[in-house]
Structure formats: C-alpha cells, structure tokens
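See structure below.
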Amino acid sequence: RKEVEQDPGPFNVPEGATVAFNCTYSNSASQSFFWYRQDCRKEPKLLMSVYSSGNEDGRFTAQLNRASQYISLLIRDSKLSDSATYLCVVNLNYQLIWGAGTKLIIKP
Amino acid sequence: GAVVSQHPSWVICKSGTSVKIECRSLDFQATTMFWYRQFPKQSLMLMATSNEGSKATYEQGVEKDKFLINHASLTLSTLTVTSAHPEDSSFYICSARVGTGNNEQFFGPGTRLTVL
Chain A
19 RKEVEQDPGP FNVPEGATVA FNCTYSNSAS QSFFWYRQDC RKEPKLLMSV YSSGNEDGRF
79 TAQLNRASQY ISLLIRDSKL SDSATYLCVV NLNYQLIWGA GTKLIIKP
Chain B
683 GAVVSQHPSW VICKSGTSVK IECRSLDFQA TTMFWYRQFP KQSLMLMATS NEGSKATYEQ
743 GVEKDKFLIN HASLTLSTLT VTSAHPEDSS FYICSARVGT GNNEQFFGPG TRLTVL
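Each protein sequence line maps, in turn, to chains A and B.
First residue of the first sequence? That's 19 in the numbering used here, and the numbers climb one at a time after it.
First residue of the second sequence? That's 683 in the numbering used here, and the numbers climb one at a time after it.
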C-alpha cells in the first residue's frame with residue numbers, strides 16, 4: 019500500500035464548476051499535511067496547508083480528517099488556469115511524503 | 683519569497699558520462715537541502731537530505747556512490763550523477779529549508795536529465 023494515495027485522474031471539468039479531490043495516507047503518526055500544485059515540467063508549488071478545522075483560501079478549501087486519514091481539496095468556480103496536477107503531501111518525522119498527484123483539466 | 687535556482691534546467695548526455703546539477707538558495711541561507719527525483723506520472727521521491735558541511739543522508743535504495751552530493755555552503759548544494767545510464771533519465775528537483783522541523787521547503791525549478 020502506498021503511503022499517500024491519490025486518484026491520478028485526469029478530472030475533466032468545465033470552467034466554473036466545482037471539483038473535489040481526496041487523498042488518503044497510511045501512517046496515523048503523520049504530523050502535517052499540504053496540497054501542492056505542479057504544472058507540467060515545473061517544480062511543485064505550495065498551494066495550502068491542511069488543518070483539521072478546515073481552511074479556506076479564496077476558491078480553495080482544504081480539510082483534514084485524522085480519524086479516517088484522508089485529506090480533501092475543493093476548488094470552486096474553477097478557472098482555466100487551475101489546470102494542473104495537485105499533489106497531496108504528508109509530513110512524517112520532518113520528511114515530506116508525496117502522493118503521485120491528481121491531474122485536473124479545466125475545459126472552456 | 684525565498685528563491686531557489688537550479689542549473690542546468692535541462693541536460694542531454696551520452697550514457698556513461700557524469701552530470702552535475704547545482705542548487706542555490708538565492709536570498710536565504712539553507713540549513714538543509716533535499717534532492718528529489720520524479721519519473722513521469724509518479725510522485726516525487728526523496729533521494730537524499732544534506733546539511734551544510736556534513737555528509738548527505740541517502741534514502742534506502744539510492745546509491746550514494748552513483749549520486750554524489752556536496753553541500754559546501756549554506757547556499758549551494760550539488761548533485762552529480764556519475765556514469766549516467768538511460769534509466770537515470772528523470773526530473774531532478776532540489777529544495778531548501780531554513781532551520782529544522784516543519785519549516786517550509788522552497789523548491790528549485792528542476793532539472794530534466796535525458797541520458798541517451
């Protein structure tokens with residue numbers, strides 16, 4: 019079983035729609051959680067940290083469920099520029115463990 | 683924000699040659715630098731962690747004699763892929779962190795290596 023699992027997609031979504039991704043992690047001792055965005059052939063960029071209380075940044079909402087060991091990302095009113103691969107990342111003992119990413123394609 | 687550069691951004695080389703990749707923190711001093719490798723459609727895999735002035739710590743399965751890491755200063759780390767083979771073709775990304783623990787890592791733009 020992979021330490022961090024994500025649906026690879028691709029998710030093909032019309033512009034303006036709402037889309038959600040989930041990610042599951044295997045180690046309950048994981049300490050902190052993040053969503054990164056990676057464009058094709060580029061480095062990953064931090065999108066947002068994820069907290070149990072949930073956090074929102076504009077059109078993006080992230081949620082952590084420690085009991086079920088999953089993390090979610092919700093994107094509202096999707097834009098063409100949101101097309102990218104979204105990486106779920108878990109910090110375990112100060113080491114980042116990466117999911118393989120979910121590819122999102124926003125269509126006009 | 684903190685900026686990390688990598689050089690070269692892409693390289694094509696013949697099998698058997700060695701390739702050096704540089705990672706620099708441009709506007710901050712990085713206590714720790716990390717080297718990752720990413721194959722197409724796969725996750726980033728940590729290869730090694732290096733602290734300035736000490737030997738790098740390699741992840742299981744990563745050959746330290748093949749992937750030489752030098753972290754000579756707080757702003758520069760180098761990764762040398764020795765005797766590269768086609769299976770070493772990948773996207774190599776470095777990141778740099780100030781301090782320890784949960785401090786954010788800042789990523790370089792990556793180096794795409796193609797070994798013919």
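Virtual Cβ for every residue (Gly too), placed ideally from N, Cα, C.
Check: Three-way DSSP call (helix, strand, coil) for B/L728 in this model; Outcome: strand
Check: Neighbourhood of B/E799 by C-beta distance below 6 angstroms, restricted to the same chain and skipping five residues each side; Outcome: Not covered by the structure: residue 799 of chain B. The range shown for chain B is 683 to 798.
Check: Completely contained beta strand (DSSP E) runs for the segment 41–124 of chain A, where each covers 3 or more residues; Outcome: 50–56, 62–68, 73–75, 78–83, 88–93, 102–110, 113–116
Check: Contacting residues, own chain, Cβ-Cβ under 7 angstroms from A/A102 (five flanking each side not counted); Outcome: R55, Q56, D57, L122
Check: A/P32 - DSSP class collapsed to helix/strand/coil; Outcome: strand
Check: Residue of A/G117, A/P26, A/G27, A/C106 minimising C-alpha distance to A/V68; Outcome: A/C106
Check: CB contact below 8 angstroms: B/R794 versus chain A; Outcome: yes
Check: Any chain A beta carbon closer than 8 angstroms to B/G781; Outcome: no
Check: C-beta neighbour in chain B for A/G76, strict 8 angstroms; Outcome: no
Check: Residues that B/I775 contacts on chain A, provided the C-beta gap is smaller than 8 angstroms; Outcome: E61, P62
Check: CB contact check: B/S772 to chain A, cutoff 8 angstroms; Outcome: no
Check: Partners in chain A for B/E786, counting only beta-carbon separations shorter than 8 angstroms; Outcome: L64
Check: Within 8 angstroms, strictly: CB atoms of B/T796 and B/S700; Outcome: no
Check: Start-to-end residues for the beta strand (DSSP E) that takes in B/T760; Outcome: 758–763
Check: Neighbour flag for A/W116 against chain B, beta carbons, 8 angstroms; Outcome: yes
Check: Between the CA atoms of A/K20 and B/S800 - distance to the nearest angstrom; Outcome: Because chain B spans 683 through 798 in this model, residue 800 of chain B falls outside it and cannot be assessed.
Check: Alpha-carbon spacing of B/C703 relative to A/T42, whole angstroms; Outcome: According to the sequence provided, residue 703 of chain B is Ile. The question's Cys does not apply to it. Taking the straight line from one Cα to the other gives about 33 angstroms.
Check: is_contact[B/Q724, chain A] using C-beta, thresh 8 angstroms; Outcome: yes
Check: Opposing strand residues paired with B/F716 [DSSP bridges]; Outcome: B/T731, B/S777
Check: A/E61 beta carbon less than 8 angstroms from that of A/P126; Outcome: no
Check: Alpha-carbon spacing of A/I93 relative to A/S86, whole angstroms; Outcome: 21 angstroms
Check: Cβ-heavy atom distance, A/D95 to the ligand COA, below 7 angstroms; Outcome: For the structure depicted, the ligand COA is absent and the ligand set is empty, with no information on it obtainable.
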